[in-house]
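Novice: A single structure is presented below for examination.
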Amino acid sequence: MSKNISKKDIYNFLKNNTAKTSILNKLKIVYRPFICPFDELLNEIEINSSLFDIGCGSGQFLSIVAKFKSSKALGGVEIDSELVNNALKLLEQYAPISKIEQYDGVNLPTYIENYKYITLIDVIHHVNKEKQNDFIAEIYNKMSLGSRLILKDINADSFFVWGNKIHDLILSKEIGKELSLKAMIDILKAQGFKIVKISQKRLYWYPHYTIVCDKI
Numbered sequence: 172m173s174k175n176i177s178k179k180d181i182y183n184f185l186k187n188n189t190a191k192t193s194i195l196n197k198l199k200i201v202y203r204p205f206i207c208p209f210d211e212l213l214n215e216i217e218i219n220s221s222l223f224d225i226g227c228g229s230g231q232f233l234s235i236v237a238k239f240k241s242s243k244a245l246g247g248v249e250i251d252s253e254l255v256n257n258a259l260k261l262l263e264q265y266a267p268i269s270k271i272e273q274y275d276g277v278n279l280p281t282y283i284e285n286y287k288y289i290t291l292i293d294v295i296h297h298v299n300k301e302k303q304n305d306f307i308a309e310i311y312n313k314m315s316l317g318s319r320l321i322l323k324d325i326n327a328d329s330f331f332v333w334g335n336k337i338h339d340l341i342l343s344k345e346i347g348k349e350l351s352l353k354a355m356i357d358i359l360k361a362q363g364f365k366i367v368k369i370s371q372k373r374l375y376w377y378p379h380y381t382i383v384c385d386k387i
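Structure representation (structure tokens):
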């Protein structure tokens with residue numbers, strides 16, 4: 172059994188393995204493990220497995236999966252072309268096993284069916300409310316039977332949701348469309364997912380929930 176990975180492990184790795192980018196982007200990448208439970212997400216993933224990250228940003232989560240989980244295949248999509256370029260640079264040493272593409276915001280690639288794990292980390296609250304159900308349906312339909320979705324987002328029911336809204340307003344110039352934990356579970360179940368594990372954690376003013384679910 173592999174040892175659990177800590178926030179400090181992840182921080183030290185990202186600090187020394189970040190693609191050349193703006194100072195702001197570098198700070199967002201290196202210090203994110205302290206405001207997002209990457210350690211808990213990472214500990215849900217088996218060694219030598221395959222993982223596809225929807226909304227992969229600059230590739231930091233994919234890079235730590237490659238480092239600490241010795242993945243046999245990595246994939247990701249991201250809407251922002253600058254972040255796609257950052258991810259390609261960050262994962263350059265893993266090019267033979269990784270595939271990063273720009274996402275059009277509508278059509279997810281069919282080849283996500285080839286991955287054991289699909290991760291969706293802080294993406295749902297950037298999707299318009301009226302499209303959130305369809306987005307989850309698209310993910311479910313593209314996944315293969317027996318594969319696992321690990322979804323992490325911000326809990327709209329928490330008083331501290333304001334912290335994430337201010338964060339997004341400053342850094343993304345938008346207001347988050349967060350869902351409550353119950354609402355997110357209801358959407359996942361309605362699409363056919365089997366809920367395997369639910370956890371909640373507040374880091375500073377960020378109220379997180381994580382839902383692990385399988386397509387059966």
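To convert, note that position 6 of the sequence shown is 177 in my numbering; the numbers rise steadily by one, no gaps.
Each residue gets a CB set at the ideal place from its N, CA and C atoms; glycine is no exception.
Nothing here was measured: the structure is a model prediction, and the numbers come from that model.
Quick check: the stretch 323 to 339 against the stretch 349 to 361, are at least 3 beta-carbon pairs closer than 8 Å?
Specialist: Because the criterion of three Cβ pairs below 8 Å is met, the stretch 349 to 361 and the stretch 323 to 339 touch.
Novice: Would you kindly work out how many angstroms separate the C-alpha atoms of Met172 and Tyr288, rounded to a whole number?
Specialist: Here residue 172 corresponds to residue number 1 of the sequence shown, with the count starting at 1. Here residue 288 corresponds to residue number 117 of the sequence shown, with the count starting at 1. For Met172, the predicted model reports a pLDDT of 42, less than 50, meaning its position is unreliable; a value from the coordinates is still stated below. Straight-line Cα distance between these residues: approximately 19 Å.
Novice: Taking the Cβ atom as the reference point for each residue, do Gly228 and Leu262 lie within a distance shorter than 8 Å?
Specialist: The count along the sequence shown starts at 1 and reaches residue 228 at position 57. The count along the sequence shown starts at 1 and reaches residue 262 at position 91. Going by C-beta atoms, Gly228 is not nearer than 8 Å to Leu262.
Novice: Can you tell me whether DSSP reads Pro208 as helix, strand or coil?
Specialist: Indexing the sequence shown from 1 puts residue 208 at position 37. Three-state result, Pro208: coil.
Novice: Confirm, please, whether the CB-CB distance from Ala244 to Tyr286 is below 8 Å.
Specialist: Within the sequence shown, residue 286 is the residue found at index 115, counting from 1. Within the sequence shown, residue 244 is the residue found at index 73, counting from 1. Yes, the Cβ-Cβ distance between Tyr286 and Ala244 is below 8 Å.
Novice: Going by DSSP, which residues form a beta bridge with Thr219?
Specialist: Counted from its first residue, the sequence shown places residue 219 at position 48. Looking at the sequence provided, one finds Asn at residue 219 rather than Thr. Partner(s): none; Asn219 has no beta bridge.
Novice: Within 10 angstroms of its Cβ, does Glu253 collect 16 or more other Cβ (buried), or is it exposed?
Specialist: Counted from its first residue, the sequence shown places residue 253 at position 82. Exposed is the call here.
Novice: From this set, Pro204, Glu211, Asn196, which residue's C-alpha is nearest Asn183's C-alpha?
Specialist: Walking along the sequence shown from the start, residue 183 turns up at place 12. For Asn183, the nearest C-alpha among the options comes from Pro204.
Novice: CB-CB under 7 Å to Ile181, same chain, minus the five flanking residues each way: which ones, in chain order?
Specialist: Position 10 of the sequence shown, counted from the start, is the residue given in the question as residue 181. Same-chain partners within the cutoff: Pro204, Phe209, Asp210, Ile235.
Novice: So which of Gln273, His379, Glu217 has the shortest CA-CA distance to Phe239?
Specialist: Here residue 239 corresponds to residue number 68 of the sequence shown, with the count starting at 1. Looking at the Cα atoms, Glu217 is the closest of the given residues.
Novice: Look at Leu359 and Thr290 and say whether their C-beta atoms are less than 8 Å apart.
Specialist: Here the question's residue 359 lines up with position 188 in the sequence shown. Here the question's residue 290 lines up with position 119 in the sequence shown. No.
Novice: Please state the DSSP three-state secondary structure of Thr290.
Specialist: Residue 290 sits at position 119 when you count from the first residue of the sequence shown. In this structure, Thr290 counts as strand in the three-state DSSP scheme.
Novice: From this set, Ser220, Asn175, Ile206, Leu233, which residue's C-alpha is nearest Thr189's C-alpha?
Specialist: Along the sequence shown, read from residue 1 onward, the residue named residue 189 stands at position 18. Out of Ser220, Asn175, Ile206, Leu233, Leu233 has the C-alpha closest to the C-alpha of Thr189.
Novice: Following the continuous beta strand (DSSP E) through Glu253, name the residue where it begins and the one where it ends.
Specialist: Along the sequence shown, read from residue 1 onward, the residue named residue 253 stands at position 82. From DSSP, Glu253 is part of no beta strand (DSSP E) but of the alpha helix (DSSP H) over 252 to 261.
Novice: How many Å lie between Tyr377 and Leu322 at the Cα?
Specialist: Position 206 of the sequence shown, counting from 1, holds the residue named residue 377. Position 151 of the sequence shown, counting from 1, holds the residue named residue 322. Going by the C-alpha atoms only, they are around 15 Å apart.
Novice: What does a CB cutoff of less than 7 Å around Lys368 pick up in its chain, not counting 5 residues either side in sequence?
Specialist: Numbered from its first residue, the sequence shown carries residue 368 at position 197. So the qualifying residues of the chain are Val383.
Novice: Can the beta-carbon of Gln362 be found closer than 8 Å to that of Ile307?
Specialist: Position 191 of the sequence shown, counting from 1, holds the residue named residue 362. Position 136 of the sequence shown, counting from 1, holds the residue named residue 307. For Gln362 and Ile307, yes; Cβs fall inside 8 Å.
Novice: Put Val383 into one of helix, strand or coil per three-state DSSP.
Specialist: In the sequence shown, the residue the question calls residue 383 occupies position 212. Strand, per DSSP.
Novice: Comparing the CB of Ile337 with every heavy atom of the ligand GDP, is any distance shorter than 7 Å?
Specialist: With respect to the ligand GDP, the structure offers nothing, as it holds no ligand at all.
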